[in-house]
Structures are given as structure tokens and as C-alpha cells.
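K.L.:
This structure is in C-alpha cells; I'll ask about it shortly.
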Amino acid sequence: MSQVVATRSIQTTLPISRSTHQRPHNLLNPPTFGSKLFLPKGNNKCSKFGFRRCLISARKSASAEVVPVSPEDDSKIEVHLHHLHGVQPYGDTSVGMWPKPTVRRKTKVVCTIGPSTNTKEMIWKLAEAGMNVARLNMSHGDHASHQKVIDLVKEYNAQSKDNVIAIMLDTKGPEVRSGDLPQPINLESGQEFTFTIQRGVGTADCVSVNYDDFVNDVAPGDMLLVDGGMMSMVAKSKTEDSVKCEVVDGGELKSRRHLNVRGKSATLPSITEKDWDDIKFGVDNKVDFYAVSFVKDAEVVHELKNYLKSCGADIHVIVKIESADSIPNLNSIITASDGAMVARGDLGAELPIEEVPLLQEEIINLCRSMGKAVIVATNMLESMIVHPTPTRAEVSDIAIAVREGSDGIMLSGETAHGKFPLKAVKVMHTVALRTEATIQGGQMPPNIGQVFKNHMSEMFAYHATMMSNTLGTSTVVFTRTGFMAILLSHYRPSGTIFAFTDEKRVQQRLALYQGVCPIHMEFSDDSEETFKRALEFLQKQGMVKDGEEVALVQSGRQPIWRFQSTHNIQVRKV
112 MSQVVATRSI
122 QTTLPISRST
132 HQRPHNLLNP
142 PTFGSKLFLP
152 KGNNKCSKFG
162 FRRCLISARK
172 SASAEVVPVS
182 PEDDSKIEVH
192 LHHLHGVQPY
202 GDTSVGMWPK
212 PTVRRKTKVV
222 CTIGPSTNTK
232 EMIWKLAEAG
242 MNVARLNMSH
252 GDHASHQKVI
262 DLVKEYNAQS
272 KDNVIAIMLD
282 TKGPEVRSGD
292 LPQPINLESG
302 QEFTFTIQRG
312 VGTADCVSVN
322 YDDFVNDVAP
332 GDMLLVDGGM
342 MSMVAKSKTE
352 DSVKCEVVDG
362 GELKSRRHLN
372 VRGKSATLPS
382 ITEKDWDDIK
392 FGVDNKVDFY
402 AVSFVKDAEV
412 VHELKNYLKS
422 CGADIHVIVK
432 IESADSIPNL
442 NSIITASDGA
452 MVARGDLGAE
462 LPIEEVPLLQ
472 EEIINLCRSM
482 GKAVIVATNM
492 LESMIVHPTP
502 TRAEVSDIAI
512 AVREGSDGIM
522 LSGETAHGKF
532 PLKAVKVMHT
542 VALRTEATIQ
552 GGQMPPNIGQ
562 VFKNHMSEMF
572 AYHATMMSNT
582 LGTSTVVFTR
592 TGFMAILLSH
602 YRPSGTIFAF
612 TDEKRVQQRL
622 ALYQGVCPIH
632 MEFSDDSEET
642 FKRALEFLQK
652 QGMVKDGEEV
662 ALVQSGRQPI
672 WRFQSTHNIQ
682 VRKV
């Protein structure tokens with residue numbers, strides 16, 4: 112097995128004398144660039160061992176083979192993507208030095224599991240179609256129904272050799288809802304309608320609200336949005352226990368509809384008593400992520416993390432940015448968390464809708480700069496709840512989230528109670544894959560060096576990314592905590608990051624991160640024997656080809672087969 116080793120003396124062959132922040136971004140070539148080797152005059156070959164000191168110039172690479180994750184994907188899409196990868200606007204590239212790696216979808220798909228998909232058959236099919244994370248929405252169902260889904264996902268993970276599904280528990284949060292009605296009410300524009308904090312009221316012109324401070328939070332002139340904006344009313348006056356409104360945009364009011372006040376958030380705790388019960392349920396079942404609803408400040412995150420630490424629970428916290436109060440505190444909230452979800456439904460109800468796409472981009476950029484995971488959610492394929500094909504605007508919405516750099520894109524009602532859950536996942540898969548094929552990668556997230564400046568691993572992740580983009584290789588990393596794989600993910604190398612770990616929990620957690628293919632494998636005391644088994648596994652599963660080169664990174668917080676002060680990057684041929 113031939114190999115090229117680069118240790119700390121990599122400084123003699125790579126331009127790293129400047130700080131991370133001063134390095135020009137163009138050091139990292141776009142992902143479709145390979146490299147062609149030219150021998151210096153007087154030399155007829157490169158040294159077989161040691162550093163490659165041959166001159167390297169970037170040339171447009173040969174086409175990469177596109178292999179969708181799902182075996183059921185439309186073959187025509189695969190052929191079309193293959194053709195598009197083959198467009199070569201930069202001249203002849205028929206002579207390639209390095210075989211190009213297989214292209215896999217990098218952006219991860221989060222699916223909400225509900226009545227349409229909570230069976231063994233459907234969870235298996237969703238996984239094969241491209242689901243990476245199974246989301247449990249605690250606003251619906253009970254612990255027994257969610258326990259069934261958790262057990263099925265764990266059963267799938269136990270029998271799957273090359274795929275894994277993470278489990279995300281999404282808390283209900285402090286939702287303000289209208290009460291029960293004997294039957295739906297049709298409201299007309301200009302009509303008067305009253306909300307009261309008295310319990311059990313449900314008439315044609317008045318309904319209860321489940322929030323006792325509703326009257327105190329609402330002022331005359333406030334705009335009330337019902338069901339995420341499907342209907343709207345303006346508050347005209349109020350008494351001690353009721354708010355009288357005038358209907359602006361009418362519609363059909365049903366029982367237990369969500370209420371928002373434009374520009375305001377309810378003065379409720381972000382984690383309710385029900386949420387704490389659900390969180391304890393998640394601890395008992397060892398879920399991978401919590402998605403915490405209506406987070407307004409970092410204190411909520413610290414409180415939850417302290418509780419998890421006291422329980423000895425290794426569960427990451429994703430904050431849902433969906434309230435007006437969270438926007439001024441974005442920096443501190445995301446810093447305290449392990450990632451964020453752009454929950455555009457309530458965000459667009461509490462804030463002007465034209466602000467939502469700007470906030471989405473801002474939150475994604477902030478998470479990228481801090482090295483945090485980020486998910487874009489809500490209404491991504493809303494029409495596919497009832498229709499077999501998406502609107503063209505929905506397709507563009509997915510593409511925009513992918514291009515902006517989101518780690519994950521989420522389906523809610525589309526897979527929870529929609530008529531076409533599998534088709535929705537396949538649309539997400541193919542649109543994300545096609546969009547990724549056009550992205551010029553290799554650009555570092557801004558200021559990411561500040562996040563990891565205390566770790567030598569940051570420099571090696573940077574150079575592993577540069578090596579991946581220059582040579583057109585995938586990256587192999589061995590990790591027990593997931594740290595190095597996550598760090599590499601945020602640098603966005605052009606090839607897949609194959610993250611081998613001997614911890615099942617770490618494998619499942621890494622399923623969320625962009626570009627990471629997590630694989631569980633027991634490590635032996637002999638590093639060479641482990642490296643050999645890992646490459647043989649990748650070759651057997653068709654993840655790499657015979658003769659392909661991969662960059663093998665040994666770095667991170669926890670040394671494996673190395674001294675604490677030793678880090679290295681190797682290039683090995685399969």
C-alpha cells in the first residue's frame with residue numbers, strides 16, 4: 112500500500128506561515144478541481160516515499176460519478192446529474208492524475224415521524240430514500256407512540272451496515288392556543304371576535320385561550336395571527352379577562368389553533384413542565400438531539416445542559432429560533448448551544464415575513480462561523496402533504512438552503528401526516544444532490560479559526576480540506592468524540608468525510624453534520640490494522656474505488672494511536 116505522509120513538517124511544503132484569518136480563501140480550490148502532476152525538468156519520476164515535491168497546478172477534473180444514496184432514485188436523474196458533472200468549460204482534462212471519488216449527498220435530511228410513517232416498513236423505506244435524522248414532535252402523540260418510533264429506529268441502526276439514523280426530540284414549548292370548539296367557525300373580514308382567558312368557552316363569537324397572561328401581553332392595535340397567519344385579527348379593546356378583536360383576514364377557525372402576536376413573544380418559560388417530562392423521556396431513551404422550542408436567551412440552554420450533565424446524558428442541544436425575543440440574543444444563544452434550527456413558521460408569524468429569508472441567511476452564517484450545526488425547517492415541501500409533486504418555489508427553497516450552507520433540511524407535516532412522504536424525501540434528496548453539484552466549495556467559514564484556535568486540530572483540518580480539494584480525495588478520520596469529524600465538516604471539504612468511531616452514540620450524532628458519513632467500527636491497538644480494515648470496508652461497500660486515494664487525518668482532542676503533541680495527514684491509495 113503506497114502512502115504519502117505529512118506531519119508537522121508540512122509547514123515546509125504548504126503555505127501556512129500566516130495566521131488562519133490571513134490565509135487567502137482561494138487556497139482552497141473548488142470541489143470540482145483536481146490536480147495534474149507535471150515533473151520538473153531533469154526528473155523522470157517522483158520519489159516513491161516521503162513528501163511529493165512535484166509541482167502541482169490545478170486543472171478542471173474529469174467528471175465524477177454521481178451515486179444517489181437511495182437505490183430507488185430515478186435512474187434518469189442519476190444519468191442527468193452525471194452528464195451535468197461532465198460539463199468541462201475549462202479545457203481538456205482527459206488526463207487525470209487521481210481517480211475521482213464517488214459523489215454522495217452532503218446535506219442531511221430530517222424527517223418528522225407521524226401517523227403516515229410510524230411503522231417499521233415506512234421507517235425502513237424513509238431511511239433507504241435518504242432520511243438521516245428522525246424527528247419526534249412532542250406537540251403530538253404520547254410517550255407510548257414515540258417509544259415505538261425510537262425502538263424501530265434503533266432496530267434499523269442495529270441491522271444497517273453502512274447507514275445510521277439519528278433521533279431528535281423536539282419539545283412542544285410554551286405554545287399559546289385557542290380552546291375547543293363544538294364545530295369550526297367561519298370568520299368574515301370586519302367581524303368582531305373575542306378571546307377570553309375563561310376556560311371552556313367556545314361560541315360563534317368567543318373562544319378560550321390556554322394562556323392566563325394573554326390579556327396582559329396584548330395591547331389595542333396589536334395584530335393577532337391565527338394558525339401561523341392563515342387568519343389575522345387586530346386587537347380593538349380589552350377587559351380584565353378578554354380581548355375584543357376585529358377580523359382582518361377571515362377563514363375557518365378550528366379547535367386548538369396556534370396564536371401569535373406580531374412582534375411579541377409570550378411571557379412563558381421556554382421549557383414547560385410538559386417539556387421537562389419529555390426531556391426526561393429522551394434521557395431514558397438516549398436520544399441524540401433535543402430541539403428546544405421558543406428559546407429566548409442563553410440561560411435556557413445553560414439550564415438544560417446543566418440538567419443533562421447531572422443525569423450523565425450525552426445529548427446535544429439544538430435551539431429553535433422562532434420568537435421575536437430570540438433575535439437580539441442570537442449570538443449568546445447559539446454560542447451556548449450545539450446548533451440551531453431556523454423555525455420559519457413562528458418566526459414569520461412574530462416578525463414581518465420579509466425578514467425571514469434575511470434571518471435565515473444570518474443564522475446559517477452565524478452557525479457556520481461558530482462551528483455549529485444548522486437546520487432549515489418549516490414549509491419546505493408543504494404542498495406535498497396533499498400533492499405528489501412540489502411547487503417550483505419549494506424546489507428553489509431547498510436549493511437556497513443548500514447553497515447557503517445548511518447542515519440539514521427538514522420535513523414536518525410532509526412526512527408526519529402527508530400523503531406522499533417517500534416522494535417528499537426523494538425530492539429533497541435529488542434537489543440537494545443536484546444543487547451541491549454546482550457549488551464551488553473549498554471556502555472557509557468566516558472566523559472559524561477563532562472558534563477552534565486552541566486546538567492544533569484546526570490547522571490540520573484546514574490542510575486536510577486543502578488536500579482534499581486539491582487532490583480530489585475523500586477524507587478518512589478516526590474519532591471517539593466526534594470532534595474532528597465535526598471540525599472537518601465545517602470546513603466543507605469537497606470529498607466525503609468518512610468518520611470511523613467505536614462509539615455508537617457518536618456515530619448516530621454525526622449523522623446530522625454536512626458531508627459526514629459516520630461508520631461504526633471497533634478499533635484495535637494496532638493503528639495500521641485498523642486503517643487497513645477501514646479502507647477495506649469502504650471499498651467493499653462501494654464508497655471508494657480501487658486505486659482511489661484518500662486523505663487520512665490523525666488529529667483531534669483525544670489522541671488515538673499517537674502522542675498528544677503529534678498530528679499528521681496521510682494520503683493512501685486504496
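In terms of the working numbering, the sequence shown has 134 at position 23, counting the first letter as 1, and numbering is strictly consecutive. Note that the Cβ used here is the ideal one computed from N, Cα and C, for glycine as well.
For P463 and G374, what's the separation of their Cα atoms in angstroms?
P.N.:
If I take the Cα positions, the gap works out to 8 Å.
K.L.:
Please state whether DSSP places E433 in a helix, a strand or coil.
P.N.:
Three-state result, E433: coil.
K.L.:
Under 6 Å Cβ to Cβ from F611, same chain only, skipping five residues before and after it: list those, please.
P.N.:
F589, I630, M632, A645.
K.L.:
Suppose contacts are defined by Cβ-Cβ distances below 8 Å. Is N371 in contact with L336 by that definition?
P.N.:
Yes, Cβ-Cβ distance for N371 and L336 is below 8 Å.
K.L.:
From T213 to V685, what distance separates their C-alpha atoms?
P.N.:
In this prediction, T213 scores a pLDDT of 45, lower than 50, which makes its location untrustworthy; the coordinate-derived value is nonetheless stated afterwards. Answer to the nearest angstrom: the Cα atoms are 13 Å apart.
K.L.:
From which residue to which residue does the beta strand (DSSP E) around N440 run?
P.N.:
Run containing N440: none; DSSP gives neither H nor E here.
K.L.:
Thinking C222 and T526 are a contact (beta carbons under 8 Å), I'd like their distance in whole angstroms, please.
P.N.:
Rounded, the Cβ-Cβ distance is 4 Å, consistent with contact.
K.L.:
Below 8 Å on the Cβ atoms is my guess for V244 versus I296; work out the distance and round it to an integer in Å.
P.N.:
38 Å between Cβ atoms; not a contact.
K.L.:
If you follow the beta strand (DSSP E) that D360 is part of, which residue opens it and which one closes it?
P.N.:
Taken as a continuous stretch (DSSP letters only), the beta strand (DSSP E) holding D360 covers 353-360.
K.L.:
So, R686 versus I550, is the Cβ gap smaller than 8 Å?
P.N.:
The displayed coordinates of the chain run from 112 to 685. Any statement about residue 686 would go beyond what the structure contains.
K.L.:
What are the start and end residues of each continuous alpha helix (DSSP H) run of 4 or more residues lying completely inside the segment 364-449, in chain order?
P.N.:
The qualifying runs are 384-396, 409-422, 441-447.
K.L.:
Mapping DSSP to helix, strand and coil, what is K283?
P.N.:
In the structure shown, K283 sits in coil (DSSP, three-state: anything other than H, G, I, E or B).
K.L.:
Rank V406, G459, L364 by C-alpha distance to the C-alpha of T446 and give the top, closest one.
P.N.:
With distances taken between Cα atoms, T446 lies closest to V406.
K.L.:
Using only alpha-carbon positions, find the residue among P532, A512, S523 that is nearest to V542.
P.N.:
Closest by alpha carbon: A512.
K.L.:
Skipping 5 residues on each side, what residues in its chain have a beta carbon closer than 6 Å to that of V116?
P.N.:
With a pLDDT of only 38 at V116, under the threshold of 50, the placement of this residue in the model should not be trusted, and no figure is reported.
K.L.:
When DSSP labels each residue in this structure, what does E660 get in the three-state scheme?
P.N.:
Note: E660 maps to strand in three-state DSSP.
K.L.:
Would you call S348 buried or exposed, if buried means 16 or more other Cβ atoms sit within 10 Å of its Cβ?
P.N.:
Answer is exposed; the Cβ neighbour count stays below 16.
K.L.:
For P285, count the other beta carbons within 10 Å of its own beta carbon; 16 or more makes it buried, fewer makes it exposed. Which is it?
P.N.:
So P285 counts as buried.
K.L.:
Helix, strand or coil: which one does DSSP assign to Q681?
P.N.:
Residue state, collapsed to three classes: strand.
K.L.:
Using the C-alpha atoms, what's the distance from H427 back to F642?
P.N.:
Their Cα atoms are separated by approximately 29 Å.
K.L.:
Using a threshold of 8 Å, state whether the C-beta atoms of M279 and D399 are closer than that.
P.N.:
Contact flag set, yes.
K.L.:
Assuming A575 contacts P532 (C-beta within less than 8 Å), just tell me the rounded distance between them.
P.N.:
That belief does not hold up - the Cβ atoms of A575 and P532 are roughly 37 Å apart, past 8 Å.
K.L.:
Just to confirm before moving on: does the CB-CB distance between E303 and E357 stay below 8 Å?
P.N.:
A contact, by the Cβ cut-off of 8 Å.
K.L.:
When we look at the beta-carbon of T143 and count the other beta-carbons within 10 Å, is it buried (16 or more) or exposed?
P.N.:
Because the pLDDT at T143 is just 35, under 50, the model does not fix this residue reliably, and the point stays unresolved.
K.L.:
Could you check whether the Cβ of A377 sits closer than 7 Å to any heavy atom belonging to the ligand SAH?
P.N.:
The ligand SAH is not among the ligands present in this structure, which contains no ligands whatsoever.
K.L.:
Would you decide whether T378 is buried or exposed? Buried here means 16 or more other CB atoms lie within 10 Å of its CB.
P.N.:
Classification for T378: exposed.
K.L.:
For I98, which residues of its own chain have a beta-carbon under 8 Å away from its beta-carbon, when the five flanking residues on both sides are left out?
P.N.:
Any answer about residue 98 is impossible in this case: the structure gives the chain only from 112 up to 685.
K.L.:
Does the Cβ of D395 have 16 or more other Cβ atoms within 10 Å, making it buried, or fewer, making it exposed?
P.N.:
Looking at its Cβ environment, which holds fewer than 16 other Cβ atoms inside 10 Å, D395 is exposed.
K.L.:
Write down every uninterrupted run of the alpha helix (DSSP H) in the segment 266-333 whose length is 4 residues or greater and which is fully enclosed by it, in chain order.
P.N.:
The qualifying runs are 325-328.
K.L.:
Can you look up H574 in the DSSP assignment and give me helix, strand or coil?
P.N.:
If DSSP states are grouped into helix, strand and coil, H574 belongs with the helices.
K.L.:
Taking 8 Å as the threshold (C-beta atoms), are T607 and R215 in contact?
P.N.:
The answer is yes: Cβ separation under 8 Å.
K.L.:
Taking the alpha helix (DSSP H) that M495 belongs to, which residues open and close that run?
P.N.:
It is not in any alpha helix (DSSP H) - M495 carries neither H nor E in the DSSP assignment.
K.L.:
Short check: CB of K219 to CB of G529, under 8 Å?
P.N.:
No, the pair does not count as a contact, with Cβ atoms beyond the cut-off.
K.L.:
Sorted by chain position, which residues of the same chain lie with C-beta nearer than 6 Å to D408's C-beta, five sequence neighbours on each side aside?
P.N.:
Hits under 6 Å: N440.
K.L.:
Using 8 Å as the threshold, is the C-beta distance between A76 and I432 below it?
P.N.:
The question about residue 76 has no answer, for the chain in this structure spans 112 to 685.
K.L.:
Is DSSP giving P468 helix, strand or coil here?
P.N.:
Here P468 sits in helix by DSSP.
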